[in-house]
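Keeping their order, the protein sequence lines are chains B and Y. At position 12 of the first sequence the residue is numbered 12 (our numbering), and the sequence of numbers has no breaks. Throughout, our numbering is defined as the position within the second sequence, counted from one, plus 1000. The beta-carbon is built from N, C-alpha and C at its ideal position, and this holds for glycine as well. Keep in mind it's a predicted model, so treat the numbers as computed, not measured. Shown next, in C-alpha cells, is the structure this report addresses.
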Amino acid sequence: MMSQDLLRLGGREFRSRLIVGTGKYADHGTMQRAHEASGAEIVTVAVRRVNLDRTQDSLLNYIDEARFLLLPNTAGCYTAEDAIRYARLGREVGLSNWVKLEVIGDDKTLFPDTEGLVAATRVLVKEGFVVLPYTNDDVVVAKKLEDAGAAAVMPLGAPIGSGLGIRNPYNIRLILEAVRIPVIVDAGVGTASDAAIAMELGCDGVLMNTAIAGAKDPVLMATAMRHAVEAGRLAYLAGRIPKKLYATASSPLEGMIG
Amino acid sequence: MDLRVNGKVRAGREGLTVTGLLEDLQIHPQRVAVQLNGAILKREQFPEVVLKDGDTVEIITFMAGGMGEGGAA
Chain B
1 MMSQDLLRLG GREFRSRLIV GTGKYADHGT MQRAHEASGA EIVTVAVRRV
51 NLDRTQDSLL NYIDEARFLL LPNTAGCYTA EDAIRYARLG REVGLSNWVK
101 LEVIGDDKTL FPDTEGLVAA TRVLVKEGFV VLPYTNDDVV VAKKLEDAGA
151 AAVMPLGAPI GSGLGIRNPY NIRLILEAVR IPVIVDAGVG TASDAAIAME
201 LGCDGVLMNT AIAGAKDPVL MATAMRHAVE AGRLAYLAGR IPKKLYATAS
251 SPLEGMIG
Chain Y
1001 MDLRVNGKVR AGREGLTVTG LLEDLQIHPQ RVAVQLNGAI LKREQFPEVV
1051 LKDGDTVEII TFMAGGMGEG GAA
C-alpha cells in the first residue's frame, strides 16, 4: 500500500515523506550515509558564497542529483527582499525553481517573520517558484500562505534545532483542517517519536536537519527517522482507536472456566 | 583593474569576462550563480559580460545547511 501512498508536492511525486538537511554534519561522508539511510528524496541546501581558498570539498560531490532533489533554502535571511534575492540566486545555481523559503524574524528563537514570509511568497510564486515556506504553527498565516500560492505550508513543531518535538499538536491539527495544500512539519523534531507524532496527526511530511546531524550516530538516527515517518503515516492511514478512560477487554469472557 | 570578488579585492586583466574570471578561479560554471553589482546574471551571459574596474562580483553556490543558519553573504 505504501507504494501508492505518494507525497504530491509542487507537481511532483515522492515515495519518501522525510526531507533532510545538509548542515551540521561532522563531515560530508557521514552526511552522505545519513541521507542514504533516511530514504529521503529531497535535501535542503544553503545558498552561499563559493569558498575561494578551496580548503573545503564541494558539498555537491556528496549528493547524487539523480536521486535527490536539491532544495535551496533562504536560511539566514531576515527580510523578504533578501529572501527573494537568495531564492533567485538559488534558482540560477540549481536550475530548479523550488525554494524552501525562510524569512527569520528573530535571531534567538529563529521564529519566522510571517509578514515578510507572506510578502516574499507572493512575489516568488508570481516568478514561477515552487515555494515551501517555513512558518509558525498559526492557522491564519497558513491560510495566507495558501492564498499567496505556496506549494505547501511548513509549520515549526518547536524552534529550529531545539529538539523539543511537536509542542502544539492542536495548532498543527487546525492547520491540517484549514488548508488544502500539503502540511510539512519543519523544525523542532528531536527524536523518532516526534516525527511519528507529526505523521500521526496527518501531516504530509517532516523536514529535519539537526535531529539527525546532531545525533551521536547520525546514520542510525536517519534510519530511525525513516521508520518513524513511515510508521506514523501508516498509523494515520490505519485510523487509531479512540482514547478512553477505562479498560475494554480484548479477550472474550465467553468460554472461561466456570 | 581591481575587482571585489566575494568580499576580497582581486586584480583582473582588461577585457576579462565572467567566464574568464571563473576559469582563473578554477570554478566550474555549472553549479554557480553570479551576481554583478547587485544584479543576478543568467548563465548564458557569463561569456559576454566584460568586467570593469571597481566591479563587485559575488559567486554563489550550494553549501551545507538545513535551516536557520546565519552567515548570509
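Quiz item: Is there at least one Cβ from chain B nearer than 8 Å to Q1045(Y)'s Cβ?
Solution: Mapped onto the second sequence, residue 1045(Y) falls at position 45. Cβ-Cβ to chain B under 8 Å: no for Q1045(Y).
Quiz item: Where does the unbroken beta strand (DSSP E) through T1061(Y) begin, and where does it stop?
Solution: The residue given as residue 1061(Y) occupies position 61 in the second sequence. 1056–1063 is the span of the beta strand (DSSP E), which, as asked, contains T1061(Y).
Quiz item: Alpha carbon to alpha carbon, how far is A192(B) from M199(B)?
Solution: What you label residue 192(B) is simply residue 192 of the first sequence in a count that begins at 1. What you label residue 199(B) is simply residue 199 of the first sequence in a count that begins at 1. Answer to the nearest angstrom: the Cα atoms are 11 Å apart.
Practice problem: Quick one: residues in its chain with C-beta nearer than 8 Å to the C-beta of R173(B), no 5 flanking neighbours on either side, listed in chain order? | Solution: In the first sequence, the residue the question calls residue 173(B) occupies position 173. Excluding positions up to five away in sequence, the list reads L201, G202.
Practice problem: Just list the alpha helix (DSSP H) runs in the region 27–101 of chain B, keeping only unbroken ones of 4 residues or longer that don't cross its boundaries, in chain order. | Solution: With a minimum length of 4 residues, the continuous alpha helix (DSSP H) runs that stay inside the region 27–101 of chain B are 28–38, 80–94.
Quiz item: Between G258(B) and K244(B), what straight-line distance do the alpha-carbon atoms span, to the nearest angstrom?
Solution: Numbered from 1 along the first sequence, position 258 holds the residue referred to as residue 258(B). Numbered from 1 along the first sequence, position 244 holds the residue referred to as residue 244(B). If you take the alpha carbons of G258(B) and K244(B), they lie about 30 Å apart.
Exercise. Starting from the C-beta of L7(B), find all residues in its chain whose C-beta is less than 8 Å away, skip the five residues before and the five after it, and write them out in chain order.
Key: Within the first sequence, the letter at position 7 stands for residue 7(B). By the criterion of a C-beta distance shorter than 8 Å, L7(B) is surrounded in its chain by E13, F14, R15, S16, R17, P182, D204, G205, once the five residues flanking it on both sides are discounted.
Quiz item: At a Cβ threshold of 8 Å, is L1003(Y) touching chain B?
Solution: Here the question's residue 1003(Y) lines up with position 3 in the second sequence. The beta-carbon of L1003(Y) is placed no less than 8 Å from the nearest beta-carbon of chain B.
Self-check item: Helix, strand or coil at L253(B) according to DSSP, with G and I counted as helix
Solution: Taking the first residue of the first sequence as 1, we reach residue 253(B) at position 253. Secondary structure of L253(B) (DSSP, three-state): coil.
Practice problem: Say whether the region 1042–1060 of chain Y touches the region 120–133 of chain B, bearing in mind that this needs 3 or more beta-carbon pairs closer than 8 Å, one atom from each stretch. | Solution: With the cut-off at 8 Å, the region 1042–1060 of chain Y and the region 120–133 of chain B do not touch.
Self-check item: Buried versus exposed, by CB contacts within 10 Å (16 or more), T248(B)
Solution: For the purposes of this step, residue 248(B) is taken as residue 248 along the first sequence, with counting starting at 1. By the Cβ neighbour-count rule, T248(B) is exposed, with fewer than 16 other Cβ atoms within 10 Å of its own.
Quiz item: F14(B) bridges to which residues according to DSSP?
Solution: Locating residue 14(B) in the first sequence gives position 14, counting from the first residue. According to DSSP, F14(B) bridges with L7(B).
Quiz item: Closer than 9 Å, Cβ to any Cβ of chain Y: which residues of the region 71–87 of chain B, in chain order?
Solution: Within the region 71–87 of chain B, the residues whose Cβ lies closer than 9 Å to some Cβ of chain Y are P72, N73, T74, A75, G76, C77, Y78, D82, R85, Y86, listed in chain order.
Quiz prompt | Three-way DSSP call (helix, strand, coil) for A195(B) in this model | solution = Locating residue 195(B) in the first sequence gives position 195, counting from the first residue. The DSSP-derived three-state label of A195(B) is helix.
Exercise. Express the C-alpha separation of P155(B) and N266(B) in angstroms, rounding to a whole number.
Key: Here chain B comprises residues numbered 1 to 258, so residue 266(B) is not present and cannot be evaluated.
Quiz item: Is there a Cβ from chain Y that is less than 8 Å from the Cβ of Y246(B)?
Solution: Against the first sequence, residue 246(B) aligns to sequence position 246. No, no contact with chain Y.
Exercise. Tell me, please, whether the CB atom of T1061(Y) is closer than 8 Å to any CB atom in chain B?
Key: On the second sequence, residue 1061(Y) is found 61 positions in, with the first residue counted as 1. Yes, because at least one Cβ of chain B sits closer than 8 Å to the Cβ of T1061(Y).
Quiz item: Taking the alpha carbon of R1031(Y) as the point to measure from, which residue in L70(B), V185(B), G239(B) has its own alpha carbon closest?
Solution: On the second sequence, position 31 is the one that residue 1031(Y) refers to. Of L70(B), V185(B), G239(B), the smallest CA-CA separation from R1031(Y) is found for L70(B).
Quiz prompt | Identity of the residue in R91(B), T135(B), G214(B), P112(B) nearest G161(B) by Cα | solution = Within the first sequence, the letter at position 161 stands for residue 161(B). Looking at the Cα atoms, G214(B) is the closest of the given residues.
Exercise. Helix, strand or coil for Y170(B), going by three-state DSSP, please let me know.
Key: Taking the first sequence and counting its residues from 1, one reaches residue 170(B) at position 170. Y170(B) falls in the helix class under three-state DSSP.
Self-check item: Counterpart residues of A1033(Y) in DSSP-defined beta bridges
Solution: Taking the first residue of the second sequence as 1, we reach residue 1033(Y) at position 33. A1033(Y) pairs with I1060(Y).
Quiz item: Which of the residues in the region 1021–1037 of chain Y, read from start to end, lie with their CB under 7 Å from any CB of chain B?
Solution: Considering only beta carbons, the part of the region 1021–1037 of chain Y lying closer than 7 Å to chain B consists of L1025, I1027, R1031, V1032, A1033, Q1035, in chain order.
Quiz prompt | Between the CA atoms of S58(B) and D27(B) - distance to the nearest angstrom | solution = Position 27 of the first sequence holds residue 27(B). Position 58 of the first sequence holds residue 58(B). Roughly 11 Å separates the two Cα atoms.
Practice problem: Assign K244(B) to one of three DSSP states: helix, strand, or coil. | Solution: Here residue 244(B) is taken as the residue at index 244 of the first sequence, counted from 1. Note: K244(B) maps to coil in three-state DSSP.
Self-check item: Any non-hydrogen atom of the ligand ADP within 7 Å of T1017(Y) CB
Solution: Because no ligand of any kind appears in the structure shown, any question about the ligand ADP cannot be addressed here.
Practice problem: Tell me, please, which residues DSSP counts as bridged to M225(B). | Solution: On the first sequence, position 225 is the one that residue 225(B) refers to. Per DSSP, none; premise fails for M225(B).
Exercise. Rounded to whole angstroms, what's the CA-CA distance from E1023(Y) to G10(B)? Just pull it up for me.
Key: Residue numbering aside, residue 1023(Y) sits at position 23 when the second sequence is read from its first letter. Residue numbering aside, residue 10(B) sits at position 10 when the first sequence is read from its first letter. C-alpha of E1023(Y) to C-alpha of G10(B): approximately 36 Å in a straight line.
Self-check item: Neighbouring residues, chain B, relative to E1058(Y) (Cβ below 7 Å)
Solution: By one-based count along the second sequence, residue 1058(Y) stands at place 58. The CB of E1058(Y) comes closer than 7 Å to the CB of R49 in chain B, given here in chain order.
Practice problem: Just the C-alpha distance for A196(B) and E92(B), rounded to the nearest angstrom, thanks. | Solution: Against the first sequence, residue 196(B) aligns to sequence position 196. Against the first sequence, residue 92(B) aligns to sequence position 92. Cα to Cα, A196(B) sits roughly 36 Å from E92(B).
Quiz item: Mapping DSSP to helix, strand and coil, what is P112(B)?
Solution: What you label residue 112(B) is simply residue 112 of the first sequence in a count that begins at 1. The answer is strand: DSSP assigns P112(B) an E or B state.
Exercise. Using DSSP bridges, identify the partner residues of I184(B).
Key: Within the first sequence, residue 184(B) is the residue found at index 184, counting from 1. According to DSSP, which records beta bridges pairwise, I184(B) is partnered with G205(B).
Practice problem: Pull up the distance between the alpha-carbon of V219(B) and that of R1013(Y), whole angstroms please. | Solution: Walking along the first sequence from the start, residue 219(B) turns up at place 219. Walking along the second sequence from the start, residue 1013(Y) turns up at place 13. Taken atom to atom, the span from the alpha-carbon of V219(B) to that of R1013(Y) is near 48 Å.
Quiz prompt | Residues from the region 222–236 of chain B in contact with chain Y, defined by Cβ distance under 9 Å | solution = Listed in sequence order: no entries.
Quiz item: Is K1008(Y) close to chain B, meaning its C-beta is less than 8 Å from at least one C-beta of that chain?
Solution: The residue you call residue 1008(Y) lines up with position 8 of the second sequence. Yes, K1008(Y) lies at the interface with chain B (some Cβ there is under 8 Å from its Cβ).
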